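The structure appears below as structure tokens.
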Amino acid sequence: ARVAKKRKHEVHARTEGATALAVLHHRPFDDKINFFEATHTYTFDGKRVKESVTKVCKLDPTPFDGRKVVDNLFSTWKKQGPKGEHYERIKNAASDEEAKQAILASWDAARDHGTAVHEAVELHMNRYPGPEWRDNSFITDSTDPLIKPDLKQLDQWAQWDGTKDLVPLRTELCTGWVTVDGVCAVAGQCDLLMWDVAKQQAVLLDLKRVRSKYSLLPTERAYGGKKCPSGPMAGKQCSKHNEYSLQLSMY
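So this is what it looks like as structure tokens:
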């Protein structure tokens with residue numbers, strides 16, 4: 001009897017239980033690269049990768065300081081009254097400091113909300129690794145009631161005619177640029193890679209949550225109209241659309 005050889009590389013996933021696609025569509029590159037969620041770092045052949053796609057593609061080099069942003073804009077938000085997005089937090093707070101802390105907490109909650117949506121998508125695509133992903137609701141892959149509106153939108157997207165020929169290939173796929181010396185200079189993770197069976201081509205998707213007042217269109221202006229000081233996007237708006245587009249082109 002022939003005994004199957006044990007794969008040297010253990011299949012990992014950012015979300016527990018979401019490994020079906022990595023097993024079905026395994027690449028030799030998977031055996032070399034690893035991602036560590038806690039530190040958001042990568043290793044290649046056991047050596048830490050110095051740069052990530054997210055860091056390289058950050059158009060605005062100024063580090064984000066949430067507290068500084070809140071302190072600078074708080075008086076403006078107070079003047080906006082009921083029409084302001086932080087009105088309820090400011091009105092219900094016992095002090096300005098309490099209101100500021102509530103605003104900062106809301107930003108952390110939005111980040112966690114986005115992570116939960118990503119996890120639900122990852123679970124869904126691995127649970128239904130073929131065309132049946134369109135016939136089953138994303139909502140069944142999460143017990144979090146807060147993200148149900150997001151998952152309803154994903155259900156609507158799944159029924160869009162443009163997805164009828166798509167099947168999932170990989171979720172949270174680690175990628176990297178390896179030099180001729182065998183060193184991985186930059187690494188990143190693709191949210192979702194799919195295959196168009198009709199066109200016989202790969203389709204790369206990046207999942208983003210955006211407030212309704214934002215568009216993520218090419219015409220979107222960056223905050224304060226800020227433009228990129230250098231790099232391949234020099235002179236262009238430091239907008240999220242441009243930043244995410246650059247990330248996708250690197251993947």
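Under our numbering, residues 1 to 251 are what the sequence shown spells out, in order.
The C-beta atom is built at its ideal place from N, Cα and C for all residues, glycine as well.
A quick note: this is a predicted structure, and the numbers were derived from the prediction, not measured.
Checklist entry - Just checking my contact of residue 254 with residue 169 at CB under 8 Å: how many whole Å lie between their CB atoms? => result The requested residue 254 is not part of the displayed model; the chain covers only 1 to 251.
Checklist entry - Taking the C-alpha atoms as reference points, what is the distance between residue 135 and residue 194? => result One-based indexing of the sequence shown puts residue 135 at position 135. One-based indexing of the sequence shown puts residue 194 at position 194. Roughly 16 Å between the two C-alpha positions.
Checklist entry - Using DSSP with H/G/I as helix, E/B as strand and the rest coil, what is residue 138? => result For the purposes of this step, residue 138 is taken as residue 138 along the sequence shown, with counting starting at 1. Here residue 138 sits in helix by DSSP.
Checklist entry - So what's residue 42 in DSSP terms, helix, strand or just coil? => result For the purposes of this step, residue 42 is identified with residue 42 of the sequence shown, where counting begins at 1. Three-state result, residue 42: strand.
Item to check | Span of the beta strand (DSSP E), counted from its first residue to its last, around residue 170 | outcome: Residue 170 sits at position 170 when you count from the first residue of the sequence shown. Where residue 170 is concerned, the enclosing beta strand (DSSP E) stretches over 166 to 178.
Next on the checklist: Can you find the residues in the same chain that come closer than 8 Å, C-beta to C-beta, to residue 214, ignoring five residues on each side of it along the sequence?
Outcome noted: Translated into positions along the sequence shown, residue 214 becomes position 214. Hits under 8 Å: 220 and 240.
Item to check | Reference residue 29; option with closest CA among 242, 173 and 207 | outcome: In the sequence shown, counting from the first residue as 1, residue 29 sits at position 29. Measuring from the Cα of residue 29, the nearest candidate turns out to be 173.
Checklist entry - Using 8 Å as the Cβ pair cut-off and three pairs as the minimum, do the segment 115 to 131 and the segment 141 to 157 touch? => result yes
Checklist entry - Considering only the beta carbon of each residue, do residue 251 and residue 117 sit closer than 8 Å? => result Within the sequence shown, the letter at position 251 stands for residue 251. Within the sequence shown, the letter at position 117 stands for residue 117. Against a cut-off of 8 Å, the Cβ pair of residue 117 and residue 251 comes out as no contact.
Checklist entry - Hey, residue 120 and residue 147 are a contact pair by Cβ (cut 8 Å); roughly how many whole angstroms apart? => result By one-based count along the sequence shown, residue 120 stands at place 120. By one-based count along the sequence shown, residue 147 stands at place 147. The pair is a contact, with the Cβ atoms about 6 Å apart (cut-off 8 Å).
Next on the checklist: Distance check for residue 31 and residue 19, CA to CA, integer angstroms please.
Outcome noted: Taking the first residue of the sequence shown as position 1, residue 19 is located at position 19. Taking the first residue of the sequence shown as position 1, residue 31 is located at position 31. Distance between the alpha carbons of residue 19 and residue 31: 14 Å.
Next on the checklist: Tell me which residues share the same chain as residue 2 and place their Cβ nearer than 6 Å to its Cβ, disregarding the 5 neighbours each side in the sequence.
Outcome noted: Here residue 2 refers to the residue found at position 2 when the sequence shown is read from its first residue. At residue 2, the pLDDT of 42 sits below 50, so the modelled position is not reliable; the number obtained from the coordinates is stated separately. If we look at residue 2 and ignore the five residues flanking it on each side, it has no Cβ neighbours.
Checklist entry - From the DSSP output, which residues share a beta bridge with residue 196? => result The residue given as residue 196 occupies position 196 in the sequence shown. For residue 196, which the question treats as bridged, DSSP gives the partners 166 and 201.
Item to check | Nearest residue (CA-CA) to residue 223, options 123, 230 and 73 | outcome: Taking the first residue of the sequence shown as position 1, residue 223 is located at position 223. Ranking the options by Cα distance to residue 223, first place goes to 73.
Checklist entry - Given that a residue counts as buried once 16 or more other Cβ atoms are within 10 Å of its Cβ, and exposed if not, what is residue 122? => result Residue mapping note: residue 122 aligns to position 122 of the sequence shown, counting from 1. Buried is the call here.
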